[in-house]
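The structure appears right after this line, and notes come after that.
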Amino acid sequence: CGTAPANAGNPFKRQAFQLAKGRSAGALNYVVIDPVIGHSDSMASRHKGRWIPIRPASDGALAMAMIRWIIENRRFDARYLGQPNGKLATAAGEPSWCNATHLVIAEQGHAREGFHLRGSDIGLPVAGDTYGEKDPYVVVETATGRLIPHDQATGPAELLLDESLPVGATLLRLKTSLALLKDSAFARTIADYAEICGISAEVIEGLAKEFTSHGKKAAVNTHGGTMAGNGFYNAFGLVTLNTLIGNLNAR
Numbered sequence: 001c002g003t004a005p006a007n008a009g010n011p012f013k014r015q016a017f018q019l020a021k022g023r024s025a026g027a028l029n030y031v032v033i034d035p036v037i038g039h040s041d042s043m044a045s046r047h048k049g050r051w052i053p054i055r056p057a058s059d060g061a062l063a064m065a066m067i068r069w070i071i072e073n074r075r076f077d078a079r080y081l082g083q084p085n086g087k088l089a090t091a092a093g094e095p096s097w098c099n100a101t102h103l104v105i106a107e108q109g110h111a112r113e114g115f116h117l118r119g120s121d122i123g124l125p126v127a128g129d130t131y132g133e134k135d136p137y138v139v140v141e142t143a144t145g146r147l148i149p150h151d152q153a154t155g156p157a158e159l160l161l162d163e164s165l166p167v168g169a170t171l172l173r174l175k176t177s178l179a180l181l182k183d184s185a186f187a188r189t190i191a192d193y194a195e196i197c198g199i200s201a202e203v204i205e206g207l208a209k210e211f212t213s214h215g216k217k218a219a220v221n222t223h224g225g226t227m228a229g230n231g232f233y234n235a236f237g238l239v240t241l242n243t244l245i246g247n248l249n250a251r
């Protein structure tokens with residue numbers, strides 16, 4: 001999305017070479033999503049590549065539709081997303097880790113609504129400033145159901161948690177980061193997203209299914225801010241698709 005690897009210009013010269021090599025070797029299938037067709041797709045390579053036109057600046061709608069389908073059909077990499085810290089991720093053979101399991105305060109009206117729950121919030125002593133670098137994030141450990149600092153977890157943590165749990169003497173509604181992503185994606189139907197971006201719901205669902213059919217051997221690539229005023233949010237949504245299949249730093 002927003003990337004034309006076969007067109008001239010740095011860094012696309014290297015990408016164009018890689019694209020051509022992968023295509024000619026029969027090892028690469030790809031889709032170019034762009035308002036206009038460029039040199040990255042052609043009749044001669046139609047058996048390996050495909051151009052899908054999209055309304056300008058609506059890449060975020062496509063990304064959120066695919067995210068909705070992936071979560072709804074549980075096609076995300078739960079093993080990857082469930083690792084609450086780098087040490088556990090390495091032990092599980094994962095190439096990296098993310099904050100999908102980290103808890104966020106979702107209690108309406110709370111002074112820290114929308115902020116991550118931290119170790120100091122559950123009464124842990126913290127070296128340094130409260131909510132600083134040494135104040136750990138908090139997860140619910142799957143094996144024990146306990147609130148625990150993310151860096152002290154000894155196994156996977158809950159992924160789609162949305163519950164009111166006791167924090168000190170108070171019940172607080174807490175959600176994992178992945179649960180908040182689900183809320184955002186589920187705010188619209190796939191049909192709604194399709195109307196926004198101009199790509200049919202059937203094509204969007206097909207893209208999401210294909211994207212999640214190859215383990216970590218798939219990727220979404222987007223150029224910077226997708227050349228649009230809302231490009232940061234478009235690009236962030238698109239690269240989040242990579243996180244959902246656990247391909248970050250994978251080789």
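For the sequence shown, our numbering assigns the number 1 to the initial residue and increments by one for each residue that follows.
Ideal Cβ placement from N, Cα and C applies to all residues, glycine included.
Under 7 Å Cβ to Cβ from L160, same chain only, skipping five residues before and after it: list those, please. For the purposes of this step, residue 160 is identified with residue 160 of the sequence shown, where counting begins at 1. Result list for L160: T176, L178, A179 and K182, in chain order.
Inter-residue Cα distance where the pair is P166 and R118: In the sequence shown, residue 166 corresponds to position 166, counting from 1. In the sequence shown, residue 118 corresponds to position 118, counting from 1. Looking at the two C-alpha atoms, the distance is approximately 14 Å.
For A63 versus L238, is the C-beta spacing smaller than 8 Å? Here residue 63 corresponds to residue number 63 of the sequence shown, with the count starting at 1. Here residue 238 corresponds to residue number 238 of the sequence shown, with the count starting at 1. Going by C-beta atoms, A63 is nearer than 8 Å to L238.
Could you tell me whether the Cβ atoms of T189 and R75 are closer together than 8 Å? On the sequence shown, residue 189 is found 189 positions in, with the first residue counted as 1. On the sequence shown, residue 75 is found 75 positions in, with the first residue counted as 1. No, the pair does not count as a contact, with Cβ atoms beyond the cut-off.
Using 8 Å as the threshold, is the C-beta distance between D59 and G49 below it? Translated into the one-based positions of the sequence shown, residue 59 becomes position 59. Translated into the one-based positions of the sequence shown, residue 49 becomes position 49. No, the Cβ-Cβ distance between D59 and G49 is not below 8 Å.
Cβ of R54 within 8 Å of Cβ of G198? The residue labelled residue 54 in the question sits at position 54 within the sequence shown. The residue labelled residue 198 in the question sits at position 198 within the sequence shown. Per the sequence shown, residue 54 should be read as Ile rather than Arg. Yes, they are a contact pair.
Helix, strand or coil: how does DSSP classify E107 here? The count along the sequence shown starts at 1 and reaches residue 107 at position 107. In this structure, E107 counts as coil in the three-state DSSP scheme.
Residue span of the beta strand (DSSP E) that contains R173, given as start and end: Within the sequence shown, residue 173 is the residue found at index 173, counting from 1. Where R173 is concerned, the enclosing beta strand (DSSP E) stretches over T170 to T176.
Taking its Cβ as the centre, do 16 or more other Cβ atoms sit within 10 Å of H116, making it buried, or is it exposed? Counting from one through the sequence shown, the residue named residue 116 turns up at place 116. By the 10 Å Cβ count, H116 comes out buried.
Burial state of N247, where buried means 16 or more other Cβ atoms lie within 10 Å: On the sequence shown, position 247 is the one that residue 247 refers to. Looking at its Cβ environment, which holds 16 or more other Cβ atoms inside 10 Å, N247 is buried.
List in chain order: all unbroken beta strand (DSSP E) runs of 3+ residues lying wholly within the segment 24 to 75. 30 to 33 and 49 to 52
V203, enclosing beta strand (DSSP E) - first and last residue: Mapped onto the sequence shown, residue 203 falls at position 203. Here V203 belongs to no beta strand (DSSP E); instead the alpha helix (DSSP H) covers A201 to F211.
Report buried or exposed for Q83, applying the criterion of at least 16 other Cβ atoms within 10 angstroms of its Cβ. Here residue 83 refers to the residue found at position 83 of the sequence shown. Burial call: buried.
Short check: CB of R280 to CB of A92, under 8 Å? This structure cannot speak to residue 280, because the chain is shown only from 1 to 251.
Own chain partners of V203 with C-beta closer than 7 Å, once the 5 adjacent residues on each side are dropped: Residue numbering aside, residue 203 sits at position 203 when the sequence shown is read from its first letter. Taken in chain order, the residues that qualify are I52.
Identify whether E195 lies in helix, strand or coil by the three-state DSSP scheme. As a position in the sequence shown, residue 195 is number 195, starting the count at 1. Correct three-state label for E195: helix.
Whole angstroms is fine: what's the gap from G114's alpha carbon to V104's? Translated into positions along the sequence shown, residue 114 becomes position 114. Translated into positions along the sequence shown, residue 104 becomes position 104. Rounded to whole angstroms, G114 to V104 spans 6 Å at the Cα level.
Beta-carbon within less than 8 Å of G155's beta-carbon, same chain only, minus the 5 sequence neighbours each way: which residues are those? Position 155 of the sequence shown, counted from the start, is the residue given in the question as residue 155. Within the same chain, G155 has close Cβ partners L88, E141, T142 and A143.
Please list, in chain order, all residues of the same chain as R146 whose beta carbon is under 8 Å from its beta carbon, the five residues on each side excluded. Position 146 of the sequence shown, counting from 1, holds the residue named residue 146. If we look at R146 and ignore the five residues flanking it on each side, its Cβ neighbours are V140.
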